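Student:
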Amino acid sequence: MSSQVRFTDFKSDKQPTWCPGCGDFGTMNGMMKALAETGNDPDNTFVVAGIGCSGKIGTYMHSYALHGVHGRALPVGAGVKMARPDLEVMVAGGDGDGYSIGAGHFVHAVRRNVDMTYVVMDNRIYGLTKGQASPTSREDFQTSTTPEGPKQPPVNPMALALAAGATFIAQSFSSDALRHQEIVQQAIEHDGFGFVNVFSPCVTFNDVDTYDYFRDSLVDLADTDHDPTDFDAAKEKILDASKEYMGVIYQDEESVSYEQQHGLTENMAEIPDGAPEDAMDLVREFY
Amino acid sequence: MPADFNWAIGGEAGDGIDSTGKIFAQALSRAGRHVFTSKDFASRIRGGYTAYKVRTSVDPVQSVVDRLDVLIALTQRTIDENLDELHEGSVIIYDGERTTMQDVEIPEGMIGLDVPLKSLAEEAGGAIMRNVVALGAACEVSNFPIENLDSALEKRFGSKGQKLVDNNKEAARKGRDYVAENYDHDYDYDLETTDNDYVLLNGDEAIGMGALAAGCRFYAGYPITPATNVMEYLTGRIERYGGHVVQAEDELAAINLALGAARAGARSMTATSGPGIDLMTETFGLVATSETPLVIVDVMRSGPSTGMPTKQEQGDLNQLLYGGHGEVPRFVVAPTTVSECFWKTVEAFNLAEKYQLPVYVAADLALAVTEQTFPPEAFDMERVEIDRGLVVDGDSIGEWQNEKGQFKPHALTEDGISPRAFPGVDGGAHMSTGLEHDELGRRTEDTDMRVEQVDKRNRKVQTAQEREDWDYREFGNSESGNLVISWGSNEGAMVEAMEYLDEEGVDVRFISVPYIFPRPDLSEEINDADQVIVVECNNTGQFADLLERDALRRVKRVNKYDGVRFKADELASQIEKTLRQEEVTA
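These protein sequence lines are chains A and B, in that order.
Taken in order, the first sequence gives residues 1474 to 1760; the numbers are from this note's numbering.
Taken in order, the second sequence gives residues 6 to 591; the numbers are from this note's numbering.
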C-alpha cells in the first residue's frame, strides 16, 4: 500500500447494521483514524473482534480480521502478534465479551503485555440479545433478566487492569471524536498492551448511561494536572466512584512488551521446504 | 517372541523411580539393546505406589507382558502390586535395613536379595544414590556389564559435574560387588550387548519432534497429564527455529492463541487431553468454519470428567469425530507407535494446510509415556516433506480477487479448496468468521450461499479421499480368515500377541489403522473374513461402530477399559477366546 493511507481505506463496503445513533459508529471511526494516523494500512493490520454488537466491527472495517468466539478475542490477538510481530494488532469487543465471558482472558492479556490495542465498547448493557444486564451495569439497573437490578456492584475494568499489572489504561467517549481518536492513537503507540475502555452508549436499551449522562459527568484528564505516569494518582482516579474520567489514566513508560521479553522478532509464517537442516541433531539428543 | 528380559523398579512417588528407571533404559539402549518401557501408577490401594518397567531384548520389543524377572522393590507394596507378574526364580532386590522393609515377605520360589542400598550409597558419597546402588546390583544379577551403566550416568548427571558422575559410578559398583560377594545364586539372565545405535524416546517427545521437523513455529498449551511433555519438549527447542511456546491461562486461551498464530500464517499446534478437548471444542467450530489449518493433539487418558488421569484409554474417539455443534469436517489421525507419533504429526501439518481444517492427532497415554528404542533412521529427516497447500502472494493474488479487487478466502472451487493469503500480502486483506459467510468471508444468511459454503467445506473431504493415501498397516497372514483390526497404540501388543497365537496354531490377519477420518475403506476386507475382531481400549467399541457402519457387518469386539494398556500375552488369550465365541448376529 502507498504511504498515503486514508482512514476510509479501513472501511469495508458493508454498511453497519448498528442502531442509528449507536456509540459504536464513533468508536469505530476513531479506531480507523488512529490506525491511519499511526502509519498503518489494511494489509498490515489485523483486527480481532469478539461477539456482540461490538463484534460486528470486523465486518465493517477493512483489514485482515477474525471475528472470534464469544470472549476469546484477546488470546487470538496475542497469537497473531506473537507469530507476526510485524503486524499491527487491534482487538475490539464489548463489556460482556471482555468483562464477563472473557474476564479471565482479560486479566491474563493484561499480565502478558503483548504489544496490541484493546478497545472495549462499553455500553453497560447487552444490546445484541436485546437488553440484559452486563457486568458494567449499575447495581439497580432494571432489565428483563434483572427486574430489580443486578444487586451486585459493576466490574471496574480499570481497577481489574491495574491490579493485573497493566502498562496502559485509558478511557474515552465515542462521541468526543477527536479525544477518542487521540487516546486510541496513544494506545497504539504504547509499547505493550494498550487498553482503552470506550463509553459507547446504547440508544436502544440503556436509558441511564446515555450521551447526555456522559457529556455531563465526564472529566477529561487532559484538563487537569493528572500525571498518567504516577501510579498512585492513577489508582486514586480509578477507584474514585464519584466521577467518570476520560483520557490516559495510567501509562508505564518503562513498559517492555511480551515480544521484547521473549525476543520474538521472526515472521513465523516463513518456514523451509523440508525439515530444518540440523534436524537430525534433534534425533541424536535421544541417544 | 523375543528372548526378552523384564525389569522394574517400584516405590513411593518421590523415590526417584522414574529417573532411575530411565537411566537403566538408557544404559540398555546405549548398549545396543531394544527397550520398551511402561509406567505403573497406583489404582487399587490408596497411596503413591509407582513403578517404571523395562522390557528389553536384542530384537525389537513393542509391548509389555505379564512377566517380571528382576524387581527393585523400595516398598513391600511394590512386591504386592506385582505378584501376578513375578514368577519362580524372579529376583527381588530390596534394602532390609529400611525400617519398612525389615519384615519383607519374599514369595516362595523367588530369590530375595537383601542389599543395604542406603548404607552403600552413603559410602559412595550420599544416601540419595541408593537407587543407583540398586541398579548396580541389577547389573550383576542380569549379567549386564556395569560399564554400560556408566554412559547413561554420564548423560544423566554430566551437566552437574564430574564428581557427581564418579560418585554414582562408584555407588553402582558397590551394589554390583555386594551382590557378587554375598550371594551365590544362579541367575538365568544374560543381557548381551550389540553395536547397534538406538535412540530412546516416548510418544510425547516424538510428537514434539515431528512438529519441529514439520516447521511448527507456535505452540500454546495448558499443562495436563499426559500431554504436558509435548509442551516441555518444545520449550527450549522451538526457539532455535524462531518459534515460541506459550503457557496459556486455560485450554480456551490455548486454542485461541494457536488459532491466532495460524491465521497469521504460522504452522501452529496445541496439545491436551480429554478435559482440555472439552474446552477446546468451543473454538473447534470456529477453526473449522473459518477454514484455518490447526493441529490439535489429544493424548487420551481415562475419562469421563477427571476420570483416571494417569491411566490408559481410547475413549475420546467420538468426541474428536463429532464434538461441537453443527456439522463441519475435521480430520482425525491416530499414530500406532512411538515413531509413528513423529510421522503422523508431520502429516497432520500437511493435511491441515492442504485442506485448511483442524486435524486431530489422537495419541494416548500408552504411547505418551512409553520410551521405546528405534534406529535413528526411523526419524530420517530427509523424508520430511512440507506442503503448505494453496497459498497466494502479491503476484498471484489477482487470480483470487473479485471485480472490486476483494480477496476471496472462501472462494467456491471445484475441489473445495480456497486460497490462503497471509497477513501482509497486499490486496489480501479479508475477514474470517464463525458466522456463515460468503466467498469474501463476510456474514451471510443467503440460503444459496449457505448451502454452497457447507458443500464446499465437505468437498474438501472428498478431495482428500481422492488425493491422499489413507493406507493401513498390515501384519500376519493376509490369507487368514481371522481378521483383527485395531487403531492407535494397540498395534505393538497385537503384533506380539500374534506370536503367542502362532504358537497355539491360531492364524491371524492383523490390520492396524492410523487414520480415523478419513479412513481406509475396509469393507471388502471385513466382508471377506470369516471372523472379525476389533480391538480397542474403551468400553463401547467406538471404532468398531464405525467399521460396522462402513462394512454393514457386525464385528466382534475386544475392549479394555480398566486403565491399563493391552499386554501381548493377555491380548493373545482374549483373541483366542473371542474367536471361539459364537458369531455376532444382533
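Glycine included, C-beta positions come from ideal geometry on N, C-alpha and C.
On a predicted model such as this, the values are computed, not experimentally measured, just so you know.
(1) Taking the alpha-carbon of L1755(A) as reference, which of V251(B), P334(B), F336(B), F347(B) has the nearest alpha-carbon?
(2) For the beta strand (DSSP E) containing E17(B), list its first residue and its last residue.
(3) By Cβ distance, which residues of its chain are closer than 7 Å to P121(B), with the 5 residues on each side in sequence left out?
(4) Is T83(B) helix, strand or coil by DSSP?
(5) By how many angstroms is the C-alpha of A218(B) removed from the C-alpha of L239(B)?
(6) Determine the extent of the beta strand (DSSP E) in which G391(B) is found, giving its start and end residues.
(7) Report the neighbours of K1487(A) on chain B: residues whose CB is nearer than 8 Å to its CB, in chain order.
(8) Roughly how many angstroms separate the alpha carbons of V389(B) and P381(B), rounded to a whole number?
(9) Touch check for the segment 1701-1720 of chain A and the segment 243-256 of chain B: three-plus C-beta pairs under 8 Å?
(10) Nearest chain B C-beta to M1474(A) closer than 9 Å, yes or no?
(11) Does A1643(A) come out as helix, strand or coil in the three-state DSSP assignment?
(12) Can you tell me whether DSSP reads W475(B) as helix, strand or coil?
(13) Just verifying my parser: in three-state terms, what is the DSSP assignment at N1502(A)?
(14) For D193(B), count neighbouring C-beta atoms within 10 Å of its own C-beta (all shown protein chains included) and say buried if the count is 16 or more, exposed if not.
(15) Output needed for G403(B): all residues of its chain with C-beta closer than 8 Å, excluding positions within five of it in sequence on either side, in chain order.
(16) Return no unless some Cβ of chain B is closer than 9 Å to the Cβ of E1662(A).
(17) Whose Cβ in chain B lies nearer than 7 Å to the Cβ of D1698(A)?
(18) Per the contact definition of three or more C-beta pairs closer than 8 Å, is the segment 219-228 of chain B in contact with the segment 1536-1544 of chain A?
(19) Could you pull out every residue in the same chain whose Cβ sits closer than 7 Å to the Cβ of A1695(A), ignoring the five residues on either side in sequence?
(20) Let me check understanding here. Comparing Cα to Cα, which of G1567(A), M1589(A), L1633(A), E1709(A) lies closest to T1606(A)?
(21) Does the separation of the CB atoms of N1596(A) and D1514(A) fall below 9 Å?
(22) For K397(B), decide whether its Cβ has a neighbour in chain A, counting only Cβ atoms nearer than 9 Å.
(23) Quick check on the DSSP output: the alpha helix (DSSP H) that includes F1687(A) runs from which residue to which?
(24) Applying a beta-carbon distance threshold of less than 7 Å, which residues of chain B neighbour D1703(A)?
(25) Who are the Cβ neighbours of C1492(A) in its own chain at under 7 Å, not counting the five residues just before and after it?
(26) Tell me, to the nearest whole angstrom, how far the beta carbon of I243(B) is from that of Y224(B); I am working on the premise that it is less than 8 Å.
(27) Since D1746(A) meets chain B, which of its residues come closer than 7 Å, beta carbon to beta carbon?
(28) Keeping to the same chain, check which residues put their C-beta closer than 7 Å to that of D119(B); ignore five residues upstream and five downstream.
(29) If you measure between the beta carbons of R462(B) and V364(B), is that distance less than 9 Å?
(30) State yes or no: is the beta carbon of Y1572(A) nearer than 9 Å to at least one beta carbon in chain B?
(31) E296(B) to G1550(A), Cα distance in whole Å?
(32) Closer than 6 Å by C-beta to F480(B): which residues in its own chain qualify, once you throw out the five before and the five after it? Chain order, please.
(33) Are the beta-carbon atoms of G329(B) and F289(B) separated by less than 9 Å?
(34) Compare the C-beta of I50(B) against all C-beta atoms of chain A and say whether one is closer than 9 Å.
(35) For H1581(A), which of helix, strand or coil comes out of DSSP?
(36) Taking only the alpha-carbon atoms, compute the straight-line gap between G19(B) and L1539(A) and give it to the nearest angstrom.
Tutor: Result, derived from the coordinates:
(1) F347(B)
(2) 10-17
(3) D100, E102
(4) helix
(5) 11 Å
(6) Residue identity check: residue 391(B) is Ile in the sequence provided, not Gly. That residue, I391(B), is in no beta strand (DSSP E); it is neither H nor E in DSSP.
(7) R447
(8) 14 Å
(9) no
(10) Interpretation of M1474(A) is limited by its pLDDT of 44, a score under 50 that renders its predicted location unreliable; the figure taken from the coordinates is listed afterwards. Closer than 9 Å to some Cβ of chain B, the Cβ of M1474(A) qualifies, so yes.
(11) strand
(12) coil
(13) helix
(14) exposed
(15) G432
(16) no
(17) Those within 7 Å of D1698(A) in chain B number zero; the least Cβ separation is about 38 Å.
(18) no
(19) G1720
(20) Checking the sequence, you will find Ala at residue 1606(A) rather than Thr. Closest by alpha carbon: G1567(A).
(21) no
(22) Here the sequence assigns Val to residue 397(B), which means Lys is not the residue at that position. No, V397(B) does not count as interfacial toward chain A.
(23) 1684-1690
(24) Within chain B, no residue comes near D1703(A); the closest Cβ sits about 30 Å away, beyond 7 Å.
(25) V1676, T1677
(26) 6 Å
(27) I391
(28) Y99, G101
(29) no
(30) no
(31) 18 Å
(32) V500, F515
(33) yes
(34) Any reading at I50(B) needs caution, since the residue's pLDDT is 48, under 50, leaving its predicted position unreliable; the model's value is listed next. So no, I50(B) is outside the interface.
(35) helix
(36) 47 Å
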